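Report on the following structure.
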Amino acid sequence: MTNQPEQPSTPAHPPALSGPGQDSETLTTTQGAPVSDTDHSLKAGERGPTLLQDHHLREKIMHFDHERIPERVVHARGAAAHGTFVSYGNASQLCRADFLQPGKETRVFVRFSNVVGSRGSMDTARDTRGFATKFYTEEGIFDLVGNNIPVFFIQDGVKFPDLVHAAKPHPDVEIPQAQSAHDTFWDFVSLHTPAQAHAMWQMSDRGIPRSYRMMEGFGVHTFRMVSDSGESSLVKFHWKPALGVHSLVWEESQLAAGADPDFHRRDLAEAISAGHFPQWELGVQILPDNGTYTFEGIDLLDPTKFIPEELAPVQALGKMVLDRNPENYFAQTEQVAFHPGHMVPGIDVTDDPLLQARLFSYLDTQLTRLGGPNFAQIPINQPQSPVNDMFRDGFHEHRVPQGIAPYQPNSLDGGCPYMSQMASGEHPPLDFPQALGDSEKVRAEPASFSDHYSQARLFYLSLTAQEQAHVQQAYSFELGKCADVAVRQRQVDCLTHIDQQLASSVAEALGLEAQRAPADLPQPQPSAALSQIGGRWPVDGRNVAVIFNRGNEEHVAQISQDLTGLGMNPLLVSSKGGQIADGLPIDRTYLTARSIEFDALVLIGPLPPAGDSSVALDAKAGAPSAGFIPVDPRVSLLVNEAYRHSKAIICIDGQDDGLLDALGIVDDAPGISTVDVGAVARTAEDSLAAHRAWERFPIAK
Ligand code: HDD
């Protein structure tokens, strides 16, 4: 959220736009002929019927009628940004890919997404998030099409339609939108138990990120990297956010769904506009390619499994900075086409059966979505490297190929293009010569794929008590939204294979009985890297509300300046819009502000009493009644929500107006501070480094 005035003013003389389709100063038809009137159709007299000969009318309406294309069958809701990836250059021994060589800079376009909801659905639904990156390398496009969760619901792509049919809204009434809290999802997940690990991550705080800027990304599958000398290693890709991994709390997610459905999209766009450029490190876990496709007993071809970082540390290969918002949503964010099979020399697939099906699906889906096989010619999809594919024609062909011999071999167009090995002669083959052995054609899976619970348990046991409580609440909420008691009970039964206390707490919330957990549940070594709580992180671009009453503005400018100085994003919130005496714009009024968009609050008292409010109050008419809060109720709601959501609240020394007392908030509760004006920004930084004051509502493990 940037320091923009409440009502942005329109520039008196907007700059002339130019670009494809915008290079004439006068309005034209699509054919370039001038248009003199686009407000009235051509009619037989002022009140007469419209004439068929009105080409401008027909062309304008025809184009409008066809403006929509099918939304993505999954990941329809998304937001994107341009940026740059800079290689640290330490992967040269591991991977021959040019973009990983020392100091290489590569342009990228990243699209973040929700999975289940429609294109217009809310950002903050509990869901997995997509994290798809297009690298425009000098050797062609490399797409890393990952998620913010390192495991997946299914082990074989043939189950993908089943999973998605179960997760999407019910086909009869098409509800609920964008979320997993419904019968068909939990019906499937509780019957198809490979989904239990992914469901567990989704019920954790990972399912409700605070921001795209604060999400990890994972390639999920095991990929192969091949060095210049042809040596193969297996890798798992990771994106590590510079700001750390942080989440909303569930109530905030729900409030944001109504108060600001564009919560994540806005956060990304406004952070980039304000110069708070999101950053991630790309890293890999490197695993030996010894022919077994297992590591420490974990099947590397099973996409429902991850490798704990304690067993294989993530090694950083480079840094990505997103520094430019898309110029046009449809042209870029909507039309971008990712594909896990868009790879460059040095990066290759493995036999993970989920990945294998994806290699088909992502090409196929673009035929319907983007209307034909030439989608690589859409500007956002065009490689930066030279292209000579010998493909010809088809819908939306924009190229004008030369020559007469689009076939190979040919002698008539000079025999070109040459094969890449012929051109260089010195590189290992593009496809890694993987030995395939003598196998039979079967529809089957390895025995290791039948472990559906051990990593869900590992994940749950690695969380702090606070995070575990969130998981319990999430399961209780989601199953509580299922109407079918048998579905609820079956999922609770699944939870007993993960953790007895988890199963019992959810069963109790639902009024069900939990079975006894099997006696032989594994006792895994918890992985500290799985917990989001405990670290301290940069506060770059964190939103801090500075709340004050108009007329009481003495310290506002200084506090705002101090917060900005430490990299935070102050947002001035007051009773009325406009500017304060120093010229700073008021960003939100009590009418337009809601607690969800702030990471911390600074209260400058005294705040306006309820009587000043433009909201009708019962208490206004008479003497304060019991429970009456002597401050504008919109401010007390804001403070109350921030308190419940464990956010830092900072008051100015000597300016206590009784608000906290009236709300029942004790001044020395964790994350509540009363400090001198000069210490406000440092206090905010200190509190926000831990994201939330989780110790405010302690939970015993
Ligand atoms: Fe997928 C889109 C990530 C399994 C079929 N997927 C899509 C996007 C992401 C992922 C981030 C959005 C790309 C964008 O922003 O345009 N998908 C994953 C991950 C998976 C996964 C991390 C498992 C590890 N997906 C998966 C399977 C299939 C698909 C098994 C089919 C067999 N996915 C698709 C798709 C989409 C898609 C239908 C919809 C739009 C698109 O591809 O371009 O083809």
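Each residue of the sequence shown is one higher than the last, beginning at 1 in the UniProt record's numbering. Backbone N, C-alpha and C fix where the C-beta goes; we use that ideal spot for every residue, glycine too. Predicted model only: the values in this text are computed from it and were never measured.
Enumerate, from N- to C-terminal direction, the unbroken beta strand (DSSP E) stretches of 3 or more residues contained entirely within the segment 126-207. 129-137, 140-147
Identify whether I380 lies in helix, strand or coil by the three-state DSSP scheme. helix
So which of E327, D520, A456 has the shortest CA-CA distance to P194? A456
First through last residue of the beta strand (DSSP E) which encompasses Q285: 279-288
Count the C-beta pairs between the segment 175-187 and the segment 117-125 that are closer than 8 Å, then say yes if the count reaches three, no if not. yes
Check whether the Cβ atoms of S190 and V485 lie closer than 8 Å to each other. no
Could you tell me whether the Cβ atoms of L300 and T222 are closer together than 8 Å? yes
What are the complete alpha helix (DSSP H) segments, minimum 4 residues, inside the segment 347-401? 353-369
Could you work out which residue in F131, H63, V336, L479 is closest to A509 when comparing CA atoms only? L479
Close-in-space but distant-in-sequence residues of the same chain around G219 (CB under 7 Å, 5 per side omitted): L144, G146, K236, F237
According to DSSP, is M62 part of a helix, a strand, or is it coil? helix
With DSSP as the reference, label M214 as helix, strand or coil. helix
Apart from the five residues on each side of it in sequence, which residues of its chain come closer than 6 Å, Cβ to Cβ, to F598? N543, A545
In DSSP terms, what R224 is bridged to: L234, D348
Give a single yes or no on whether Q196 has its beta carbon closer than 7 Å to a heavy atom of ligand 3. For the structure depicted, ligand 3 is absent and the ligand set comprises only ligand 1.
Three-state secondary structure assigned by DSSP to T589: strand
State the start and end residues of the unbroken beta strand (DSSP E) segment that holds H82. 78-87
Helix, strand or coil at E105 according to DSSP, with G and I counted as helix: strand
How should A700 be labelled, buried or exposed, when 16 other C-beta atoms within 10 angstroms of its C-beta is the threshold for buried? exposed
Short of 6 Å in beta carbon distance, which residues of its chain neighbour A621, apart from the five on each side in sequence? Order them along the chain. Low local confidence applies: a pLDDT of 37 at A621 is under 50, so the model's placement there is unreliable, and no value is given.
By the three-class DSSP mapping on this structure, what secondary structure does S527 have? coil
Taking 7 Å as the cut-off, is the CB of S118 close to at least one heavy atom of ligand 1? no
In whole angstroms, what is the alpha-carbon distance linking N552 and A600? 20 Å
Helix, strand or coil for L243, going by three-state DSSP, please let me know. coil
Beta bridge counterpart(s) of P209 as assigned by DSSP: S247
Only counting the same chain, and skipping five residues up and downstream in sequence, which positions put a Cβ closer than 7 Å to that of L317? S87, Y88, N90, A91, L100, L282, G283, V284
Suppose contacts are defined by Cβ-Cβ distances below 8 Å. Is residue 715 in contact with Q472 by that definition? There is no way to answer for residue 715, as the model of the chain reaches only from 1 to 701.
Report the rounded CA-to-CA distance for S614 versus P633, giving the unit in angstroms. Reliability of the predicted coordinates at S614 is poor, the pLDDT of 43 falling under 50, and the value obtained from them is presented with this limitation in mind. Going from the Cα of S614 to the Cα of P633 covers about 10 Å.
State the beta-bridge partners of G318 as determined by DSSP. S87, L282
Return the CA-CA distance between A681 and G130, expressed in angstroms with no decimal places. 34 Å
Give the straight-line distance between the Cα atoms of L688 and R206, rounded to the nearest whole angstrom. 19 Å
Assuming S673 is part of the alpha helix (DSSP H), what are its boundary residues? Per DSSP, S673 belongs to no alpha helix (DSSP H); it is in the beta strand (DSSP E), 672-675.
Could you give the C-beta distance for P522 and S476, rounded to a whole number, given that I count them as a contact under 8 Å? Not really, about 25 Å apart at Cβ, beyond 8 Å.
When you measure from the CB of S361 to every non-hydrogen atom of ligand 1, does any distance come out below 7 Å? yes
Enumerate, from N- to C-terminal direction, the unbroken beta strand (DSSP E) stretches of 3 or more residues contained entirely within the segment 490-575. 543-548, 569-574
Out of curiosity, what's the CA-to-CA distance linking L463 and P102? 37 Å
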